[in-house]
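Structure, as structure tokens:
In the numbering used here, the protein residues as written are 150 to 1298.
What follows is the structure, encoded as structure tokens:
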């Protein structure tokens, strides 16, 4: 042990490199030469990271030293635990041999001496009274268990391993000497109760690991007792002649000895549990609480005869309510280890009944990992205890398959699969029909159970989420597409035939058939696209190579199987638009590399059925899915393009010819007319053309020239003819015409790089865009809201697309020419937003909740379209001020859209974005001022002063904490605000205060975002603007100025409140007023100087007493310098990256 003592005299950190280089050779515990030559040269603290072999060798040496001189060896061990706590102080020991001394506890202190700069920890570790002394300034809060880096990252596990090795090597020798363990337990108990976090954390971990190691010793002793008992019983069964009495006595003595040792070990465990665990499981540090729960779960699992009782389980149940997720997670993981063992289940009955509700509620935990593990625990409980969870509990848990978190949803899917799908769902009549059942009978019954759950959950729009949740555990059932198609195509007459039974107990009803189609299509989408669902966090971004290969194989099998069957399904369900709309999605999941993809005959049959379905129905969802399927089949890189392309073209040509024939000669008149009986057919054809034109370029059929006359407006009245006129064009026709024409314009813009080969074509395209915008402008004044909304959305889409084309336009080639919306159109767009978006139906009692949600969704779409025009530069940024006025009133409805708009505009131009905020606040202030000056009460559309001030506070919060990046914007806001408050004001007997001075109170909300040097600059500028005014502190009209000055003088570092500045400033002004014996004084910059002047200012004020003229000149020079800095700050380009302390705006006032 001499090497260890020498190592303690030096710095262990300085020798760490040498230690790490010798780790390889130290890995051989069998080499006695290395063991004595190298390992002894390091301390116990340094050997922690050397591996188990080195630990065993060093611990063996320590045991030898302990047997020689146990006091010296114990001091080494004590120093080891104190070093592991990160303490770099000095440990002194005072011998104490009597436990009966009543005054010993009075000597136990833990205090700090601020005079000497030392901390003391004095405690009893029998037979010593130990005193630890360390300097306060070295206590940085970091210690080995919390330090970063690869070296310290392994420290926790290897420190725990050291405690385990120590107990393991001592269990056959010195652990039962009533000295080592007593001292060690006393040491760890005292240090784990310290208010020093490092001691408390490290020694609690050591004590818990010590108890875990003692559990292993107790288990080995229990095994020894059992083996000795068996040997004793075997010896007793022998005959009296062969039985040896001394041997029986020797075995009995061994049994008694082992039992006594086990009792002694259990007493040690009880002392640690009561001295450490009972105090630390409620520690303020969550890491300690989690550590306690983790070890407790292991104790109960390994040594259930002692720890698996209700008196210990209650701690696990209580800590499941902990506010830190890691503690709750350790509790749940510990319980999983108990419920997985069938032998331990009888002891968990009371705990299960007591904390079942808490376990169920933890599936909704805000921490996703805790929720997932709680669901896994409930799965174990449901498998082992049939009657614990009630049907209502299962119903609540099953709904989590629709969770937005995929890991939780998949785990809930496992529970659903095990309870509803894995069990035998066959009815008694099916079980007794025949012994040789059809192979599809059991899967069909499971599918019926799944459909029953899907129907009862009443979430029919979320079937893809249900399939995604069950995909991992019930993939075989969901990929059994032959079962789905057989159920859908079976003949009802087959039920009860003599050849056998039907696949199901009864044929599917129409509702069940629709449900089967939805589940089948969702499973096909899952196989083709994977677990990518909107709103669901999958937790995995990239698929592995194996998963991609499996996905391609499933998609190929799907294409090969469904291609000949899909025409039959379309033919059978052709009269049901909702069911056939789902079936029309299937071609979107075809894989071009499938073996049957080149079968032209099957594809022709499929296209024929698709064409028949599209001709028969005009349902929007069906047409949308049909257009997408045609788009997939008509792509040039697919083998279906030669057949699907001409079929699609013929279909569009037939619709175009039909529409032209229906309109007839009316297109040549000044006002288009359609026969009333043909209006429905016109509308149906328009729906089909619009759905296909949305995703495919149909410009070759001249739809713009065909339909644009229908948008002709009465220029004299500026509106479309009403429905009461002689033109029976319905609102639906007008809306579809607007959509189709806008799609034509969008496709023209999208293909402008290829089609615009001359300037004449570019001019023609701009003319087309201008005419379309004029027609949409006329539609904005339509009497019906449906037409106005569609015209607005069409305008926004076209203008945004035009702006995008200008950005990607290659100047070397012909492209779209610039089109700028005229002011009339811009005002019309803004007026539309103000009238139709910032007004809701929340106060209308006649509208249902669903109607209110739909109305809110529609208004959010309109506002987002308008904000895109501002973000993309189509509209001037100043128009955003008109919508920012509603930031507070409609924050719950549109707050996310408005904040994103503000963020995007700030990224484009910080100064201009700040001007928009200033403009918004000034407009609201002026409107409120006009209402107050008129003498009437404020109308409902006028915001109060407090609401405007709160709006300014919200605007200031959007600048965040990076004040350097916002310096220019904030400087501009304060400069414009000060100029606005004092603009054009000349003091007179009739007007004592500026009319807009109260705006400074609103402006003060931005003062907290200014840097300290910038506050001084703004203060100087304020003094210049207000320097010529006679300010009266008794006049309430000047209070906004005083309040604003106080906000500039207040600093977060000084922690002074603005009101204290107001009061102190008022006292200064009052004293000056008394001195001049006048109710008002001439304001000077010196009257409001900061409370803590610099040494330069102090010298200047002393000089002021001798020469007031010189002082005024110096003040004018300082103000002039600050204004130069002000101009520099406002005119500088780009954000500054200089450090605040070195910035040039640090001006003394």
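Where a beta carbon is used, it is the ideal one built from N, C-alpha and C, also for glycine.
query                                                                                                                        : result
Rounded distance between the beta-carbons of residue 1131 and residue 1143, thought under 8 Å                                : 5 Å
Cβ neighbour criterion (16 or more within 10 Å) applied to residue 702                                                       : exposed
Extent of the continuous alpha helix (DSSP H) to which residue 1193 belongs                                                  : 1188 to 1198
Residue 748 (DSSP reduced to helix, strand or coil)                                                                          : coil
Where the alpha helix (DSSP H) containing residue 1016 begins and where it ends                                              : 998 to 1020
Meets three-Cβ-pair contact criterion under 8 Å: the region 994 to 1001 and the region 939 to 953                            : no
Pairwise C-alpha distance: residue 743 and residue 785                                                                       : 17 Å
Length of the line joining the Cα atoms of residue 894 and residue 507                                                       : 59 Å
Neighbourhood of residue 727 by C-beta distance below 7 Å, restricted to the same chain and skipping five residues each side : 663
Runs of alpha helix (DSSP H) wholly within the region 436 to 498 (minimum 4 residues, chain order)                           : 453 to 456, 459 to 468, 474 to 488
From 1147, 1094, 1148, 1062, residue whose alpha carbon lies closest to that of residue 1118                                 : 1062
Reference residue 558, options 533, 807, 520, 712, closest by Cα                                                             : 520
Contacting residues, own chain, Cβ-Cβ under 8 Å from residue 318 (five flanking each side not counted)                       : 205, 208, 209, 212
According to DSSP, residues forming a beta bridge with residue 686                                                           : 554
The ligand SAM heavy atom lying under 6 Å from the CB of residue 845                                                         : The model depicted lacks the ligand SAM and carries no ligand whatsoever.
Alpha-carbon to alpha-carbon, residue 752 and residue 788                                                                    : 10 Å
Whole-angstrom distance between residue 361 and residue 1115, CA atom to CA atom                                             : 57 Å
Completely contained alpha helix (DSSP H) runs for the region 924 to 968, where each covers 4 or more residues               : 934 to 957
DSSP three-state assignment for residue 332, whether helix, strand or coil                                                   : helix
Contact belief for residue 481 with residue 526 at Cβ below 8 Å, rounded distance in angstroms                               : 5 Å
Spatial distance of residue 1060 from residue 1165 (CA atoms)                                                                : 21 Å
For residue 180, the three-state DSSP class (helix, strand or coil)                                                          : In this predicted model, residue 180 has a pLDDT of only 35, less than 50, meaning its place in the structure is not dependable; the value taken from the coordinates is given anyway. If DSSP states are grouped into helix, strand and coil, residue 180 belongs with coil.
Beta-carbon proximity of residue 379 to residue 312, cut-off 7 Å                                                             : no
Which of helix, strand or coil DSSP assigns to residue 869                                                                   : Only weak support is given to the placement of residue 869: the predicted model assigns it a pLDDT of 45, under 50, and the value that follows is read from those uncertain coordinates. In this structure, residue 869 counts as coil in the three-state DSSP scheme.
Cβ neighbour criterion (16 or more within 10 Å) applied to residue 235                                                       : buried
Residue 733, buried or exposed, once every other Cβ within 10 Å from all chains shown has been counted against 16            : buried
Three-state secondary structure (DSSP) of residue 281                                                                        : strand
Spatial distance of residue 533 from residue 494 (CA atoms)                                                                  : 8 Å
Euclidean distance between Cα positions of residue 890 and residue 856                                                       : 7 Å
Distance CB(residue 443)-CB(residue 479) smaller than 7 Å                                                                    : yes
Separation of residue 716 from residue 755, as counted between CA atoms                                                      : 5 Å
Sub-7 Å separation of residue 636 and residue 619 beta-carbons                                                               : no
Anticipated Cβ contact below 8 Å, residue 981 with residue 937, distance rounded                                             : 7 Å
Contact check, residue 955 vs residue 1037, beta carbons under 7 Å                                                           : no
Limits of the unbroken alpha helix (DSSP H) element including residue 656                                                    : Neither: residue 656 is in no alpha helix (DSSP H) and is coded neither H nor E.
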